[in-house]
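The next block holds one structure in the form of structure tokens; read it before the comments.
Residue numbers (this note's numbering): -13 to 278.
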């Protein structure tokens, strides 16, 4: 999910050259205060352009509430799939925003449920409310740790050691709620060292994250590689399942594959790999057809 300042047409054109899955128009940190109103008015047109090229579109709105409500009213739009909420501290915020979104969908003639929510957890209060936030409303699609703001709230350094536990807590809360964990253990601002970022997102995939925000186009390819099963892994998963199913048909609940024991949990992991690969293939096919 590649951030693009909502007031910058040039950056939007640049984003179209990258194989990102979603364009995240940013009305918050990337947009200066004196330009927020004009940027808000551009969101619909920018979202239409991105959607026409096959990208999903997300908009990160502002906090405090006065700005957020205006942003939401402008961003509930046919071409916007989700709204990212910054600084979510409790479930009440998700419920209140969901109510506003529903009113806006009705006014815009959109189906109820068109607009999903991504919650950013950025303070100590939100960290202890993870389960309540994750289970607050059916509109919630996923959650992500906002490393920089969380570090300020916790008065801690923005480092792997300090961010590891909050991120693992978030993955667990998302899995309990059946929503998508997003992010990685580190700061999204660390984009200049490409090799380090590649290692960071690879670790994130191993921890159970399914995607991440990128603030610079150079991060997109590394994120795609990390969160996508490679071809060898998919082939191996199919072969493992075939061997297991043959053994199961012969009355055996476990078998050996490539020197390792295979039982039901191992097969479940292989099925997840195939499912993810098939889903990504569908997304890529859809984008190619749009741009054909």
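Cβ coordinates follow ideal geometry from the N, Cα and C atoms, glycine included.
N-terminal and C-terminal residue of the alpha helix (DSSP H) that residue i is part of
i	result
residue 133	133 to 140
residue 87	77 to 94
residue 186	180 to 193
residue 4	Note, residue 4: premise wrong, no alpha helix (DSSP H); not H, not E.
residue 148	146 to 163
residue 98	Taken as a continuous stretch (DSSP letters only), residue 98 belongs to no alpha helix (DSSP H), as it is neither H nor E.
residue 54	51 to 61
residue 213	206 to 213
residue 288	Given that the chain is displayed from residue -13 to residue 278, the structure contains no residue 288 and the question cannot be resolved.
residue 117	116 to 120
Residue environment, residue i, which counts as buried when at least 16 other CB atoms sit within 10 Å
i	result
residue 79	buried
residue 247	exposed
residue 300	With the chain covering -13 to 278 only, the question about residue 300 has no answer from this structure.
residue 26	buried
residue 231	exposed
residue 264	exposed
residue 237	exposed
residue 73	buried
residue 141	exposed
residue 70	buried
residue 108	buried
residue 97	exposed
residue 152	buried
Given residue i as reference, the closest of the options once Cα atoms are compared
i	options	result
residue -1	139, 41, 27	41
residue 216	131, 262, 198, 182	262
residue 83	49, 205, 233	49
residue 200	4, -6, 151	4
residue 61	43, 111, 196	43
residue 150	123, 193, 139	193
residue 202	220, 183, 189, 213	183
residue 47	37, 68, 34, 181	68
residue 186	166, 219, 213	213
Boundaries (first-last residue) of the beta strand (DSSP E) holding residue i
i	result
residue 17	Element bounds for residue 17: n/a, residue is neither H nor E.
residue 69	68 to 71
residue 246	246 to 248
residue 166	166 to 168
residue 200	Counting along the chain, residue 200 falls outside any beta strand (DSSP E), and DSSP gives it neither H nor E.
Per DSSP, the bridge partner or partners of residue i
i	result
residue 10	-11, 44
residue 31	DSSP lists no partner for residue 31.
| Does the pairing of the region 149 to 164 with the region 106 to 122 give three or more beta-carbon distances under 8 angstroms? | yes
| message | Taking contact to mean 3 or more Cβ pairs, one atom from each stretch, closer than 8 angstroms, check whether the region 212 to 227 and the region 245 to 258 are in contact. | response | yes
| said: Whether or not the region 90 to 97 and the region 124 to 136 are in contact is what I'm after, with contact meaning three or more pairs of Cβ atoms, one per stretch, closer than 8 angstroms; do they touch? | reply: no
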